[in-house]
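Asker:
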Amino acid sequence: MSSSAMPWAFVTSTVDKFSSFYRALSAPHTPTPQPAPALLPIPNGFGNANGTSTHTFVQNPPSAPMTHRSSQHPLDGRLYEPMGRWAFMKGKPLMQPMMLCPLKTSDMYMTSIYAARIASHNVKFLVKTWFRDKEWTGFFSEMYLYKTQLRPLQGIIVPNVISVMTGLDGVNVIMEPPHSSFWIQASPDMPLALKKRCVRAYQLLHARGMCQASVSLENILIGADGRVTINHFHRARGADKIEEIGLRAASRQDIRIEMRRLKYLLNFEDAREEEEEKHARCQRRHIANQDEFSKAQMDFRYAPNIDRGPREDRQNPPFETEQLQRMKATLRAYTPKRFVMPGQSAEELAKHVREFLSIVDNMDGDDDSYLNAPQPPLPFALPTPPLFPGASQLKRKNGPAASPPPATKRLRPDMPPPPLPGISNGATAGPGPSSRAASSSRSAVPPSRASRSSSRASGSSSRASSSRPCKKASSSPDVLTSLTAANVAQLPGSERIYVNPDDLVSTLPVVDGHTLEHRDDSPPPRRISFGSVSPGWRAGTPLTRSASAPEVRDLDKEEEREVERMLASESGEGPLLRIRRSLWDLLGRVL
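Be aware that the sequence shown starts at 72, since it is given in our numbering, and climbs by one per residue.
(1) Where does K366 sit, in a helix, a strand or coil, going by DSSP?
(2) Would you mind reading off the limits of the alpha helix (DSSP H) that contains Q664?
(3) Nearest-angstrom Cα distance between I568 and I313?
(4) Provide the residue(s) that pair with K308 in DSSP beta bridges, ordered along the chain.
(5) I'd like to know if the region 267-285 and the region 296-308 are in contact, where contact means that at least 3 CB-CB pairs between them fall below 8 Å.
(6) For D435, does the count of other Cβ atoms within 10 angstroms reach 16, so buried, or fall short, so exposed?
(7) Apart from the five residues just before and just after M398, which ones in its own chain have a Cβ nearer than 8 Å to its Cβ?
(8) Locate the alpha helix (DSSP H) running through F410, then write down its first and last residues.
(9) Check the C-beta distance from N243 over to V194 and give it rounded, since I have them as a contact under 8 Å.
(10) With H, G and I counted as helix, E and B as strand and the rest as coil, what does DSSP make of M137?
(11) What would DSSP say about H192, mapped onto helix, strand or coil?
(12) In chain order, which beta strand (DSSP E) runs of at least 3 residues are fully inside the region 153-238?
(13) How about S232 and Y151: are their beta carbons less than 8 Å apart?
(14) Would you list the residues sitting across from A320 in a DSSP beta bridge?
(15) Do H350 and A295 have their C-beta atoms within less than 8 Å of each other?
(16) With a floor of 4 residues, list each alpha helix (DSSP H) that falls wholly inside the region 337-416, ordered by position along the chain.
(17) With respect to the beta strand (DSSP E) encompassing R294, which residues constitute its N-terminal and C-terminal limits?
(18) Helix or strand or just coil, what does DSSP make of F253?
(19) How far does the beta strand (DSSP E) with G241 in it extend, from its first residue to its last?
(20) Closest to L288 by C-alpha separation, out of L657, L275 and H303, would be which residue?
(21) In terms of residues, what are the limits of the alpha helix (DSSP H) holding V661?
(22) From G380 to D362, what does the alpha carbon distance come to, in whole angstroms?
(23) Distance, Cα to Cα, P375 vs D384?
(24) Can you round the beta-carbon distance between P173 and A187 to whole angstroms, since I take them to be within the 8 Å contact cut?
(25) For V86, does the three-state DSSP call read helix, strand or coil?
(26) Could you compute how far the alpha carbon of G414 sits from the alpha carbon of I430?
(27) Span of the alpha helix (DSSP H) holding R94?
(28) Would you tell me roughly how many angstroms separate the C-alpha atoms of I494 and P223, rounded to the nearest one?
(29) Starting from the C-beta of V235, find all residues in its chain whose C-beta is less than 8 Å away, skip the five residues before and the five after it, and write them out in chain order.
(30) Using only the alpha-carbon positions, how far apart do L658 and L648 sit?
(31) Determine the contact status of S84 and D260, defining contact as a CB-CB distance below 8 Å.
(32) Beta-carbon separation of Q220 and R279 under 8 Å?
(33) For K205, count neighbouring C-beta atoms within 10 Å of its own C-beta (all shown protein chains included) and say buried if the count is 16 or more, exposed if not.
(34) Tell me which residues share the same chain as L292 and place their Cβ nearer than 7 Å to its Cβ, disregarding the 5 neighbours each side in the sequence.
(35) Within the continuous beta strand (DSSP E) that includes T300, where are the two ends?
(36) Using 8 Å for Cβ pairs, my map puts S252 next to M412. What's the rounded Cβ distance?
Set out below in structure tokens:
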């Protein structure tokens, strides 16, 4: 073939020119034909977790891209939240997606190269489409691993997941390609430095307590910059077992077998000869042990000499004969492939191939500094956020007329449950009377009682050299910590005192230092969804004060009696019920 068809054919390199790896790398490039413009309009973008738009051709006129709207339903949420440099894609659709070429098709999913518009730029990326009419074996476990154990490895040895969007044909997992020019599958005859990088990538994967469980040379991709990317984790096993999503736990034996299988497929440091020798040694030992058992059956006085083999063979037993034959057949039929990003000319691809060969020649297999190297920049500039996001008056097309009420907005998922309904809380925490009302609300005391308590504490605070958060200690009154729900429950006699565990304070209007009562249309705090509270309530600050030990005891006793009276009045208890409850509490303390 002429040098014009293969401009890199005469490049001097240490890579074996007769290896299948080099033949796949230097194969002639045929530009991928761009798809012809469709006669029917193309939808504007993929839908999100709630959308229905797709990349297929439809007869309906193009509509505005679907956007995510918050909902109170726990299942109405995004399947994946992008991170890192793709965090700006959260809740945004892909404009004008178009499939350029398919890469791999299986019974459950298909991997393709797509092009779409992001931030007014044409961007190419990988899309793994899970068909709706097929069985999604491993989809939920793969998404769980991408969100948890594989999240720190994205962009290092795992592709960056941009988003997860729905379509008419299935669910699309959008990922960043290994390289913007080309990537090639791993091969047993590639240079040793690349093999070391592949082994190092799986070592990082195993260090997180998980294994791919389907190690194959087809799933190991090497980019034009020499980086190794591991793809497809729908059969992977995690550190813990989760039956709800079909995720199995990886044992130490599974991790060791996967590493041995990887080294056998790559022929890393004569791993094939070692495995075949171990297998032959095990067969000879098995035949010898069978002869000993036969002699013992013929003569009961004969003591058989059983050979259990070396410790290495017992800890890492050889592969089964069927499994070993299957791996050999796979290697005989395997041929690495090179994947070229559409839109490149032969000259541009030849330039990137020469750069790749130069990188491989200068590569040190024992150097792991490339793992900490920054990722290549995005092929477009990130959109500039607004200077004043809260002051923007722009509305989304086909969006709601007004912003949803605070009750429909999600707060932090780690927020504790709301306080007990029926207890009057104070005003917003802050300086002045509202701060005293907030302190009384957090200790479940009316504003009048809180003002009396704060006035008593002010006398001792003037004598103290510095103000410290207050918590009554049973052993030493000088040990003071923050008074919150976590440590108030440890105080003596506070088991029956309901303490606001959320540090929530009311945001209702305040008149003369007192919080207005809740109206019928403004209920007390209640749980709306996980991590949400009712409107009119927000998080406050922990209660802090300075007081001596006797004053703290007196205040706590008064607060305890006041809270008991309030709880009794709210629950409608009679005097007989209160007496009986007091007797049971006294009996419990004595016992």
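Even for Gly, the Cβ is constructed at its ideal location relative to N, Cα and C. From a predicted model like this one, the values you see are computed outputs, not experimental measurements.
Answerer: In terms of the structure at hand:
(1) Against the sequence shown, residue 366 aligns to sequence position 295. Residue state, collapsed to three classes: helix.
(2) Because the chain here runs from 72 to 662, residue 664 falls outside it and cannot be looked at.
(3) Position 497 of the sequence shown, counting from 1, holds the residue named residue 568. Position 242 of the sequence shown, counting from 1, holds the residue named residue 313. Low confidence applies to I568: its pLDDT is 35, below 50, so where it sits in the model is not reliable enough to give any reading.
(4) On the sequence shown, residue 308 is found 237 positions in, with the first residue counted as 1. In the sequence as presented, Lys is not what sits at residue 308; that position holds Arg. DSSP lists C282 as the bridge partner or partners of R308.
(5) The answer is yes - the region 296-308 touches the region 267-285, with three or more Cβ pairs under 8 Å.
(6) Start at 1 with the first residue of the sequence shown, and residue 435 comes out as number 364. Label assigned to D435: exposed.
(7) For the purposes of this step, residue 398 is identified with residue 327 of the sequence shown, where counting begins at 1. Close CB contacts of M398 within its chain, under the 8 Å cut and outside five residues either way in sequence, are with R332, Y335, L336 and F390 (chain order).
(8) Taking the first residue of the sequence shown as position 1, residue 410 is located at position 339. Not the alpha helix (DSSP H): F410 falls in the beta strand (DSSP E), residues R409 to V411.
(9) Taking the sequence shown and counting its residues from 1, the one referred to as residue 243 is at position 172. Taking the sequence shown and counting its residues from 1, the one referred to as residue 194 is at position 123. Not confirmed; about 15 Å, so no contact.
(10) Taking the sequence shown and counting its residues from 1, one reaches residue 137 at position 66. Confidence at M137 is low in this model, with a pLDDT of 37, below 50, so its placement is unreliable and no value can be given for it.
(11) In the sequence shown, residue 192 corresponds to position 121, counting from 1. Shown here, H192 sits in a strand according to DSSP, grouped into three states.
(12) Counting whole runs of 3 or more residues, the region 153-238 contains the beta strand (DSSP E) stretches 166-176, 180-189, 192-202 and 232-237.
(13) Reading the sequence shown from its first residue, position 161 is the one you call residue 232. Reading the sequence shown from its first residue, position 80 is the one you call residue 151. A quick correction: the sequence has Val, not Ser, at residue 232. Yes, these two residues count as a Cβ contact at 8 Å.
(14) Within the sequence shown, the letter at position 249 stands for residue 320. Answer is G309.
(15) Working through the sequence shown from its first residue, we reach residue 350 at position 279. Working through the sequence shown from its first residue, we reach residue 295 at position 224. Contact check for H350 against A295 fails: the beta carbons are separated by 8 Å or more.
(16) The region 337-416 is shown to contain whole alpha helix (DSSP H) runs of 4 or more residues at 342-369, 382-386 and 392-404, in chain order.
(17) Against the sequence shown, residue 294 aligns to sequence position 223. In the sequence as displayed, the identity of residue 294 is Gly instead of Arg. Its beta strand (DSSP E) spans residues I291 to G294.
(18) Reading the sequence shown from its first residue, position 182 is the one you call residue 253. Judged by DSSP in its simplified three-state form, F253 adopts strand.
(19) Mapped onto the sequence shown, residue 241 falls at position 170. Under the DSSP assignment, G241 falls in the beta strand (DSSP E) whose first and last residues are G241 to M246.
(20) Numbered from 1 along the sequence shown, position 217 holds the residue referred to as residue 288. Nearest C-alpha to L288: H303.
(21) On the sequence shown, residue 661 is found 590 positions in, with the first residue counted as 1. The continuous alpha helix (DSSP H) containing V661 extends over residues P646 to V661.
(22) Along the sequence shown, read from residue 1 onward, the residue named residue 380 stands at position 309. Along the sequence shown, read from residue 1 onward, the residue named residue 362 stands at position 291. When rounded, the distance between both Cα atoms is 16 Å.
(23) The sequence position of residue 375 within the sequence shown is 304, counting from 1. The sequence position of residue 384 within the sequence shown is 313, counting from 1. About 21 Å.
(24) Counted from its first residue, the sequence shown places residue 173 at position 102. Counted from its first residue, the sequence shown places residue 187 at position 116. Contact between P173 and A187 does not hold, since the beta-carbon distance rounds to 16 Å and is not under 8 Å.
(25) Mapped onto the sequence shown, residue 86 falls at position 15. Note: V86 maps to coil in three-state DSSP.
(26) For the purposes of this step, residue 414 is taken as residue 343 along the sequence shown, with counting starting at 1. For the purposes of this step, residue 430 is taken as residue 359 along the sequence shown, with counting starting at 1. Counting only the Cα atoms, I430 lies some 24 Å from G414.
(27) Taking the sequence shown and counting its residues from 1, the one referred to as residue 94 is at position 23. Unbroken alpha helix (DSSP H) run through R94: S91 to L96.
(28) One-based indexing of the sequence shown puts residue 494 at position 423. One-based indexing of the sequence shown puts residue 223 at position 152. Here the model assigns I494 a pLDDT of 42, short of 50, so the residue's position is not dependable, and the following value carries that caveat. For the pair I494 and P223, the Cα-to-Cα distance works out to about 44 Å.
(29) On the sequence shown, residue 235 is found 164 positions in, with the first residue counted as 1. Counting only Cβ-Cβ distances below 8 Å, and skipping sequence neighbours, we find A120, R149, L150, Y151, M214, V242, N243, V244 and I245.
(30) Locating residue 658 in the sequence shown gives position 587, where the first residue counts as 1. Locating residue 648 in the sequence shown gives position 577, where the first residue counts as 1. Going by the C-alpha atoms only, they are around 15 Å apart.
(31) Translated into the one-based positions of the sequence shown, residue 84 becomes position 13. Translated into the one-based positions of the sequence shown, residue 260 becomes position 189. Taking 8 Å as the Cβ cut-off, S84 and D260 do not qualify as a contacting pair.
(32) Residue numbering aside, residue 220 sits at position 149 when the sequence shown is read from its first letter. Residue numbering aside, residue 279 sits at position 208 when the sequence shown is read from its first letter. Their beta carbons are under 8 Å apart, which means Q220 touches R279 by this criterion.
(33) Looking up residue 205 in the sequence shown gives position 134. So K205 ends up on the exposed side.
(34) The residue you call residue 292 lines up with position 221 of the sequence shown. Excluding sequence neighbours, L292 sits near P249, W254, Q256, T300 and N302.
(35) Taking the sequence shown and counting its residues from 1, one reaches residue 300 at position 229. Membership of T300 in the beta strand (DSSP E) is indicated by the continuous run V299 to I301.
(36) The sequence position of residue 252 within the sequence shown is 181, counting from 1. The sequence position of residue 412 within the sequence shown is 341, counting from 1. With 8 Å as the limit, S252 and M412 qualify as a contact, their Cβ atoms being about 6 Å apart.
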